[in-house]
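The sequence shown begins at 439 in my numbering and counts up by one.
Beta carbons are placed, not taken as given, at the ideal position from N, Cα and C, and that holds for glycine.
Notes follow once the structure below has been shown.
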Amino acid sequence: MSVSTITPWVIGNWKMNPLQADALTLVHGIKNLLETAPIAADKCHIGVAPIALALTQIRTELSSATRPVYTVAQDVSRISGTGAYTGEVSAELLQDSQIHYVLIGHSERREVFAENAEVLNAKIKYALTAGLTVIYCVGESLEQREAGQAEAVVLQQICDIAAVVDAEQWKNIVIAYEPIWAIGTGKTASPEDAQAMHAQIRQGLSQITGYGATMAILYGGSVKPENAVELAACPDINGALVGGASLNAESFHKIAHAFANTQ
Ligand code: PEP
């Protein structure tokens, strides 16, 4: 049954995992499952975000999958082009390696690496200019939620990027709402709470861009096969950014299957 005309996205964020041999086993597992239990490409976009070191190897492995599975970078430099910036990988260098998708604004980058709106805006600006699709992560902390500030915080994070996104570039942005208190904790926002926030985000986006009604808004925070069906049934939840459960091929495939079945 269709709850939305937006094709959902299910993206696995592998974070600083796994070891090389396990990453290959994981990719082979995903490819095998997509062969034996296909998920049509027009029913769900699927992607995985490995460590930077593995991006090109995983992309090559995925090129023989029975359907497109995108390789997504977990980060990009706030500096564009090439030059004397030790340790950095720019948006242009990702494109040059045929990596067309990038996560920006993950709460771990915001918190552990002190990435503020200025840094994130530079990353978003250069990523979009280089032609990357940006998965922009937003979300409130537990303290902010308990203080009744969740919506204001999240909408501010959306507004923050408006200054650097050109009118036509909004169609190259996917939003991932990830309440920080739900990431890696086993706690998930209830489908009702998540849907309510997603509806607010869509309303906010619609005030900023004509693409608001058609942009995918993913949910992230302890998504697993056991809660994916309920989340997928919510009209404004157009997919999932999956951490822990994406390190298991069967779990990841089940989550993608749940979202594809809403189409
Ligand atoms: C994430 O890292 O984006 C995430 C949502 O992690 P987890 O699914 O493990 O909560």
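Cβ contact annotation for residue 455 (same chain, cutoff 7 Å, sequence separation greater than five): 685, in chain order.
From the listed residues 539, 561, 445, the smallest Cα separation to residue 548 is found for 561. At least one heavy atom of the ligand PEP lies less than 8 Å from the C-beta of residue 679. Counting along the chain, residue 509 sits inside the beta strand (DSSP E) bounded by residues 508 to 511. C-alpha of residue 553 to C-alpha of residue 668: approximately 33 Å in a straight line. The ligand PEP approaches residue 660 closely enough that one of its heavy atoms is under 8 Å from the residue's Cβ.
Distance from the CA of residue 580 to the CA of residue 647, rounded to the nearest whole angstrom, comes to 29 Å. In summary, residue 466 is exposed, with fewer than 16 beta-carbon neighbours lying within 10 Å of its beta-carbon over all protein chains present. Among the bridge pairs identified by DSSP, residue 656 is matched with 614. With 16 or more other Cβ atoms inside 10 Å of its own Cβ, residue 657 counts as buried. It is roughly 20 Å from the alpha-carbon of residue 523 to the alpha-carbon of residue 566. Judged by DSSP in its simplified three-state form, residue 494 adopts helix. Of all C-beta pairs linking the stretch 585 to 596 to the stretch 498 to 513, fewer than three are shorter than 8 Å, placing the two stretches out of contact. A Cβ-Cβ separation of about 5 Å places residue 514 in contact with residue 529 under the 8 Å criterion. Taking the Cα positions, residue 531 is about 15 Å away from residue 489. By DSSP's assignment, residue 452 forms no beta bridge with any residue.
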